[in-house]
Amino acid sequence: MSFSIDAIVAGNLREHAKRKSQLKPFTLFWLNGQREVIHGLDAANAMTNAGYSSGACRTLN
Numbered sequence: 001m002s003f004s005i006d007a008i009v010a011g012n013l014r015e016h017a018k019r020k021s022q023l024k025p026f027t028l029f030w031l032n033g034q035r036e037v038i039h040g041l042d043a044a045n046a047m048t049n050a051g052y053s054s055g056a057c058r059t060l061n
């Protein structure tokens with residue numbers, strides 16, 4: 001069985017677009033006054049996707 005690179009890339013792009021459309025934006029308001037928009041299926045997933053641990057929640061306003 002052989003697959004072309006173009007078919008694999010096209011399939012990956014379709015899957016990425018489908019997953020991206022399921023993500024919701026979440027706005028983080030940091031204690032230092034900065035604001036950041038992150039994306040995820042829910043708030044916890046968005047924090048994980050952005051690379052934050054549960055300890056980061058203490059620095060949110």
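Straight run, no breaks: the sequence shown in the UniProt record's numbering ends on number 61.
Here a beta-carbon is modelled for each residue, glycine too, at the ideal position from N, C-alpha and C.
For residue i and residue j, which I take to be in contact (beta-carbon distance under 8 Å), what is that distance rounded to the nearest angstrom?
i	j	result
Leu23	Leu41	7 Å
Tell me whether residue i is buried or exposed, calling it buried when 16 or more other Cβ atoms sit within 10 Å of its Cβ.
i	result
Ile5	exposed
Leu31	exposed
Ile38	buried
Ala46	buried
Leu13	exposed
Tell me the residue span of the beta strand (DSSP E) that contains residue i.
i	result
Thr27	24–29
Arg35	35–40
Can you name, in chain order, every residue of its own chain whose Cβ lies under 8 Å from the Cβ of residue i, other than the five neighbours on each side?
i	result
Thr48	Gly40
On the DSSP letters alone, give me the boundaries of the alpha helix (DSSP H) that residue i sits inside.
i	result
Thr48	43–49
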